[in-house]
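Residue numbers (the numbering used here): 17 to 373.
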């Protein structure tokens, strides 16, 4: 009776195992990483007049929002007020009726972070506000798309890229779409309190918003978070990733990223497909598990926790931006031409998604 396989049988078994592993890896790559359409490559054309106006507006928004070197955060609650008022004024100037979702933050919401960590922060029991405007859909108003960005920053950082860039993008997409008659309802929301100590707690403005929507059984068919969308580099080695994604993605930080969890894969693929058809900037996408570092690090994660599909559009923040959460996160670090191309592309994504029946 033969107990042990022959060397030839062993090699055959190993080849079968290796083949199965490679097939599984290939399947995972196809499912999570392979995106529809082809990303833009090459030299883009000059900005057209519409894009030039957008360029100027984005630059103006970021300059105002990032003008306070202390940043916009709860350590000095008054530092949030100028940005909040500015966002409200801009929405109103574009013809929108503004709604404020005010809520009381309680230390109990994030007491699990520990007394030592919380001792670094001030004004933890305060009233904060999300800022919302709405374009009511004409055919399916009950189906809602959210386009959002957080307007706070970490203490001691002006927060130009993180995340005045995202707020500027939301404001301008709202402006560009205001006269459109869209089939679905689109809401534009500036969220408060994305940064620590609120980060990934129930005191995040986006969590409060998403939880309220879930409680009301609102049919949010997709949420898009704009998170640090203004920094781009062409040098090799300028882009980093959590392992093992460096094997699959470029090492140049010249692209905009589309990120979702596995459940939001359909929304992600729809969005990047639309973006690639019209945008003149490289793009990459991934639908991956939420536990991978960075994947859930913004307001879209709050919607995942409340069972809504959501994606983040980002320059990848700490994986590219050397001034992330520092005093050097200033308006002069931003590439406004490339940011303009990103926002024009996202505006088209929102328009097409809002007209899907």
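Even glycine gets a Cβ: it sits at the ideal position worked out from N, Cα and C.
With contacts defined by Cβ atoms closer than 7 Å, residue 71 and residue 244 do not form a contacting pair. Within the same chain, and ignoring the five residues on either side of residue 319 in sequence, the residues whose Cβ sits closer than 6 Å to its Cβ are 226, 239, 326. By the neighbour-count criterion, in which a residue is buried when 16 or more other Cβ atoms sit within 10 angstroms of its Cβ, residue 272 is buried. In the three-state scheme derived from DSSP, where H, G and I count as helix and E and B as strand, residue 116 is classed as strand.
Straight through space, the alpha carbons of residue 66 and residue 235 are spaced by roughly 33 Å.
For residue 98, the enclosing alpha helix (DSSP H) has its first and last residue at 96-109.
Under DSSP, residue 200 forms a beta bridge with 156. When Cβ pairs closer than 8 Å are counted between the two stretches, the segment 340-352 is seen not to touch the segment 258-270, the count staying below three. When DSSP reads this structure, residue 252 sits in a beta bridge with 268. Note on residue 113: under 16 other CB atoms within 10 angstroms of its CB, so exposed under the neighbour-count rule.
In the DSSP assignment, the residues bridged to residue 239 are 162, 326. At the C-beta level, residue 173 and residue 343 come within 7 Å of one another. Linking residue 190 to residue 151 through their CA atoms gives a straight-line distance of about 9 Å. Taking all protein chains shown into account, residue 233 has fewer than 16 neighbouring C-beta atoms within 10 Å of its C-beta and is therefore exposed. Cβ-Cβ separation between residue 241 and residue 316: approximately 4 Å, consistent with a contact (criterion under 8 Å). Residue 206 is bridged by DSSP to 147, 165. In the same chain as residue 312, and ignoring 5 residues on each side of it, the C-beta atoms closer than 8 Å to its own belong to 216, 277, 306, 320, in chain order.
Beyond the five residues adjoining it in sequence on each side, residue 80 comes within less than 7 Å, by CB distance, of 102 in the same chain, given in chain order.
When 214, 275, 253 are compared, the shortest CA-CA separation from residue 266 is found for 253. By the beta-carbon neighbour count (other beta carbons within 10 angstroms, threshold 16), residue 47 is exposed. Around the beta carbon of residue 155, fewer than 16 other beta carbons sit within 10 angstroms, so the residue counts as exposed.
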